[in-house]
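So the sequence shown is numbered by our numbering: it starts at 13 and just counts up by one.
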Amino acid sequence: MTDSNLTDAQDRDIAVFESVQDASNQDLLAYAAKQSGQTVIQVTKAFSDISKLDGKLTLKEFVRYGLYDPAHPSQATRTEFIANDLRWPIAHTCNPGGWNSAAEDKVLAGTILGAGGVPVPEAIGVIDRSARVFPGLPKIETADALRDLLLLNGPDLFGKIIGGMVSFGAFSVESADQTHLTCVGQGPMTYDAFLTDFVGSNTYVIQRRLSNHSDIRPYAVALCTVRMVNLLTSSGVKSPMAVIKMPQGSNIADAYWRAGNLACSIDVATGNVETVTRRNGMQIEFLDDHPDTAGLKGLTLPHWDKLQEVNRQAASIFAPIRYQSTDIAITETGPVVVELNYGGGFDLPQNASGRGFLTSEVRQFFEDCGYQFSGKDKRENKPSGGFSLFRRKRG
Numbered sequence: 013m014t015d016s017n018l019t020d021a022q023d024r025d026i027a028v029f030e031s032v033q034d035a036s037n038q039d040l041l042a043y044a045a046k047q048s049g050q051t052v053i054q055v056t057k058a059f060s061d062i063s064k065l066d067g068k069l070t071l072k073e074f075v076r077y078g079l080y081d082p083a084h085p086s087q088a089t090r091t092e093f094i095a096n097d098l099r100w101p102i103a104h105t106c107n108p109g110g111w112n113s114a115a116e117d118k119v120l121a122g123t124i125l126g127a128g129g130v131p132v133p134e135a136i137g138v139i140d141r142s143a144r145v146f147p148g149l150p151k152i153e154t155a156d157a158l159r160d161l162l163l164l165n166g167p168d169l170f171g172k173i174i175g176g177m178v179s180f181g182a183f184s185v186e187s188a189d190q191t192h193l194t195c196v197g198q199g200p201m202t203y204d205a206f207l208t209d210f211v212g213s214n215t216y217v218i219q220r221r222l223s224n225h226s227d228i229r230p231y232a233v234a235l236c237t238v239r240m241v242n243l244l245t246s247s248g249v250k251s252p253m254a255v256i257k258m259p260q261g262s263n264i265a266d267a268y269w270r271a272g273n274l275a276c277s278i279d280v281a282t283g284n285v286e287t288v289t290r291r292n293g294m295q296i297e298f299l300d301d302h303p304d305t306a307g308l309k310g311l312t313l314p315h316w317d318k319l320q321e322v323n324r325q326a327a328s329i330f331a332p333i334r335y336q337s338t339d340i341a342i343t344e345t346g347p348v349v350v351e352l353n354y355g356g357g358f359d360l361p362q363n364a365s366g367r368g369f370l371t372s373e374v375r376q377f378f379e380d381c382g383y384q385f386s387g388k389d390k391r392e393n394k395p396s397g398g399f400s401l402f403r404r405k406r407g
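What follows is the structure in structure tokens.
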């Protein structure tokens, strides 16, 4: 993607994301050999061995998780790591495809969850120039309508693409007046320029901005969310892993690809922060604590019992999606379900914990859903190499 093709904020974020992922196999092997004191041939053999397992790790993942190093703690669960490329084939096997849009459309999912009594962010409008109607929400199609909405509702607003992923194209309104609006990290823009150059052809939902609980606020610059990974079993909702994502620096959103952001593994039973991690070049870096403010590691997240209750409530409303995940903010007054995801990446819980996600329990669940790790999958959803974040369609 060249600069001349970067037509809106989502395109620009995707370009940054892709640059973060960019490393040649030669560079990866050289890095792993240097870090571990092995030869490139030794590292290559170790990768060849692990890539033949059912987790189908890529070389980038092999290096990112430290599995090239015989002394790395991740070796304890090396056979349980699973490639992120498998997320869609497994999700499509576990879940009925018709529920994809119900979960991934943020307005539709929010409406369904809210009707079921689940706390969700308050939506105040939608930027959309298509024929779609959004019951109960003002539809913004012109610069004047956008100005009026922002002036009426104040600056504490957050916008995200209705069908978007990992916060691509998100914005946080800092101020607005009769002629311009300013978003965090952006210079002042006229309303016309914002719709043309930032929004582009995308459809956005605008919500009132949430704030972190005071116990979490010292460790993040914007809203954090807890990723609860959910398996819908015959005995109820099981959550094998949980992660809190924490924006740092000038970031407005908690996605792990944004430079400097933290991801921390959470003990599901207690809500205690077990790890503090961030991306550092080709590998995940495990920190002793928050890089600036001590006290994050070992913190018990507030409202944890309530968060688990809300997670079960939201997951059960979308129970046909047997493999799913929720992103839940913890505010002063309690948890708020920010998003519910059809499936969910395997990389985040593995990045945050340093442990493989494909435990015997998780593997058995996926197999019970019909996914076959050895041989041909029943629905012929074979993973392919390369960038796969946006592959939702059955192949």
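Glycine included, each C-beta is placed from N, C-alpha and C at the ideal position.
Taking the C-alpha atoms as reference points, what is the distance between residue i and residue j?
i: ALA44; j: GLU186; result: 43 Å
i: ASN112; j: TYR354; result: 6 Å
i: PRO252; j: THR338; result: 13 Å
i: VAL374; j: ILE264; result: 33 Å
i: ASP97; j: GLY307; result: 35 Å
i: SER226; j: PRO147; result: 34 Å
i: GLY212; j: TYR203; result: 12 Å
i: ALA275; j: GLY283; result: 14 Å
i: GLY181; j: ASP25; result: 6 Å
i: ILE11; j: ARG324; result: Summary: the structure shown does not reach residue 11, with the chain confined to residues 13 through 407, and so no result is reported for it.
i: MET13; j: GLU30; result: Here the model assigns MET13 a pLDDT of 35, short of 50, so the residue's position is not dependable, and the following value carries that caveat. So the two alpha carbons sit approximately 9 Å from each other.
i: ARG239; j: GLY67; result: 21 Å
i: ALA234; j: ASN37; result: 35 Å
i: SER400; j: GLU116; result: Note that SER400 has pLDDT 38, beneath the 50 cutoff, so the model's placement of it is unreliable and no number is given.
i: PHE298; j: LYS309; result: 11 Å
i: CYS236; j: ILE256; result: 7 Å
i: GLY110; j: PHE330; result: 12 Å
i: GLY397; j: ALA95; result: The pLDDT assigned to GLY397 is 38, lower than 50, so where the model puts this residue is not dependable; a value taken from the coordinates is nonetheless given after this. When rounded, the distance between both Cα atoms is 10 Å.
What residues in its chain sit with their C-beta under 7 Å from that of residue i, if we drop five residues either side in the sequence?
i: CYS195; result: PHE183, SER184, VAL185, GLU186
i: ARG221; result: ASP168, LEU169, PHE170, SER184
i: ALA4; result: There is simply no residue 4 to check, as the chain begins at 13 and stops at 407 in what is shown.
i: ARG76; result: MET294, GLN295, ILE296
i: THR305; result: PRO230, TYR231
i: ILE62; result: LEU69, PHE74, LEU79, ARG90
i: LYS57; result: none
If the criterion is Cβ atoms closer than 7 Å, does the pair residue i and residue j meet it?
i: GLY357; j: ARG99; result: yes
i: ALA267; j: SER179; result: yes
i: TYR231; j: MET258; result: yes
i: GLY366; j: PRO82; result: no
i: ALA9; j: PHE206; result: In the structure displayed, the chain extends from 13 to 407; residue 9 sits before or after that span and is not available.
i: ILE333; j: ASN165; result: no
i: ILE174; j: LEU161; result: no
i: ALA327; j: ASN242; result: yes
Between which two residues does the alpha helix (DSSP H) harbouring residue i extend?
i: PHE377; result: 372-380
i: VAL416; result: Residue 416 lies beyond the range of the chain shown here (13 to 407); nothing can be said about it.
i: ILE218; result: From DSSP, ILE218 is part of no alpha helix (DSSP H) but of the beta strand (DSSP E) over 216-220.
i: LEU193; result: It is not in any alpha helix (DSSP H) - LEU193 instead sits in the beta strand (DSSP E) that spans 192-195.
i: VAL322; result: 316-329
i: LYS46; result: 37-48
Residue range of the beta strand (DSSP E) that residue i falls in?
i: CYS276; result: 274-278
i: PRO252; result: 248-258
i: PHE298; result: 295-299
i: ILE340; result: 335-343
What is the C-beta distance between residue i and residue j, in whole angstroms, given that I count them as a contact (C-beta under 8 Å)?
i: THR215; j: PHE377; result: Rounded, the Cβ-Cβ distance is 34 Å, inconsistent with contact.
i: VAL132; j: VAL119; result: Contact doesn't hold; Cβ gap of about 10 Å is too wide.
i: LEU41; j: VAL55; result: 6 Å
Ignore the nearest five residues each way along the sequence and tell me which others in residue i's own chain have a CB closer than 6 Å to its CB.
i: ARG270; result: ASN263
i: VAL280; result: SER251, ALA254
i: PHE385; result: ASP66
i: GLY368; result: THR89, GLU92, PHE93
With a CB to CB cut of under 8 Å and the five nearest residues on each side skipped, what residues in its chain are close to residue i?
i: GLU134; result: GLN219, ARG220
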